[in-house]
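**Student:** A single structure is presented below for examination.
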Amino acid sequence: MLSSLAQLAELLGDGALMLQVMAFCQDGLWAMRDELGWSPESTMQEDSDHGETNNSGDILETALILGRWGLAEYYHDAERMLRGHLLPAQLRDASFIEEPPNPDGVDGLRDLADRHLGAYGFPAPYGHKSVGKARGNLSFNMDIVGGTVGSLCEAYREVVRAEATGHWVNMLFDHQTDAVRVQSPYGGEGLVVEVREAGPLFVRMPPWVERAELQVAGVDEAPTWTNEYLFFAHPPIGASIRIDFPLKDHGLTLSQRLHLRPIRVRMRGDAVVAMENFGAELTFFEPYE
860 MLSSLAQLAE LLGDGALMLQ VMAFCQDGLW AMRDELGWSP ESTMQEDSDH GETNNSGDIL
920 ETALILGRWG LAEYYHDAER MLRGHLLPAQ LRDASFIEEP PNPDGVDGLR DLADRHLGAY
980 GFPAPYGHKS VGKARGNLSF NMDIVGGTVG SLCEAYREVV RAEATGHWVN MLFDHQTDAV
1040 RVQSPYGGEG LVVEVREAGP LFVRMPPWVE RAELQVAGVD EAPTWTNEYL FFAHPPIGAS
1100 IRIDFPLKDH GLTLSQRLHL RPIRVRMRGD AVVAMENFGA ELTFFEPYE
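Going from the sequence shown to our numbering is simple: count from 1 and add 859.
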């Protein structure tokens, strides 16, 4: 409901409706999500940390629309959801899946591991399996895959956006279009942006970046700040602009009111370095120590 109302508000240019969406994101939505975008399958579930990724996907899509509306803090929320939950929750190692007996050659039982690669399902914040009662079984349902991948398509579209005002780098992932190439700072070699088509450049900076610690190289004209973006009025064409800042280590505790117990997380920038997993199997991150 929330993401569709955000879509409607954007389509109609309805500012009052968009403000209602934003108000719910700031208040009521926190009964249905945690700080990294995890969302329970049901708000009435008990004794389980299991979630549902297409719920998280709709929260992501809502944040992307609010970011596009001019509320840059929601792009930060979207990037942290992607790095901290949705991308880690994809099934990328299916080696634990065992082929069942299939003497009758039933197609639905064939090549289960390979056919599930890339799937999404009902993860906890820390892994594919929840501690506690959990959902009853480990599953990767295709309707969940459909909803989640659709949301990821919207995120991919929004990483770099081109419009009449210029080139907008909204999330700091490796990305390449005909107009802009981005090298993510999380690869260890700094944030690098190359503009390939003329136009002003806007690069969103995370709120934890200290402006005094920011270093920019590759341009003759110093950038200015507009909202949460570094603004380059005349970026060089075909040359690399390097933007350096430390990826700061900090702690985060995921909401106790949604989880079986508080979940401690160690972050570097907007990426999870380690997370408490309470002995669960099939985890996404290094254990929190």
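Note that the Cβ used here is the ideal one computed from N, Cα and C, for glycine as well.
#1: Under a Cβ-count criterion, where at least 16 other Cβ atoms within 10 Å of its own Cβ denotes burial, should T1142 be classed as buried or exposed?
#2: Within 8 Å of any Cβ in chain C, is that where the Cβ of L968 sits?
#3: Given P1065, which residues of its chain have a CB within under 7 Å of its CB, disregarding the five upstream and five downstream residues?
#4: According to DSSP, is T1112 part of a helix, a strand, or is it coil?
#5: I1100 and P1094: beta carbons closer than 8 Å?
#6: Going by CA-CA distance only, name the one from Q1115, N1086 and A1098 that's closest to E932.
#7: Per DSSP, what kind of secondary structure is I1100 in: helix, strand or coil?
#8: Give me the Cα-Cα distance between R892 and V1054, rounded to the nearest whole angstrom.
#9: Spatial neighbours of L1117 within its chain, please: C-beta separation below 6 Å, excluding the five flanking residues on both sides.
#10: Where does S803 sit, in a helix, a strand or coil, going by DSSP?
#11: Quick check on D908: buried or exposed, where buried means 16 or more other Cβ atoms within 10 Å of its Cβ?
#12: With a threshold of 7 Å, establish whether the CB of T902 neighbours any heavy atom of the ligand ATP.
**Tutor:** Quick look at the numbers:
#1: With a 10 Å radius around the Cβ and a threshold of 16 neighbouring Cβ atoms, T1142 comes out buried.
#2: Absence of chain C from the displayed structure is noted, only one protein chain being present.
#3: These residues qualify, in order along the chain: H935, G1128 and D1129.
#4: Strand at T1112.
#5: Yes, they are a contact pair.
#6: When each option's Cα is compared against that of E932, the closest is N1086.
#7: Of the three classes helix, strand and coil, the one that applies to I1100 here is strand, per DSSP.
#8: Whole-angstrom Cα-Cα distance: 36 Å.
#9: Within the same chain, L1117 has close Cβ partners D893.
#10: No answer is possible for residue 803: it lies beyond the span of the chain, which begins at 860 and ends at 1148.
#11: So D908 ends up on the buried side.
#12: By its list of ligands, the structure shown contains no ligand whatsoever, and the ligand ATP lies outside what it can speak to.
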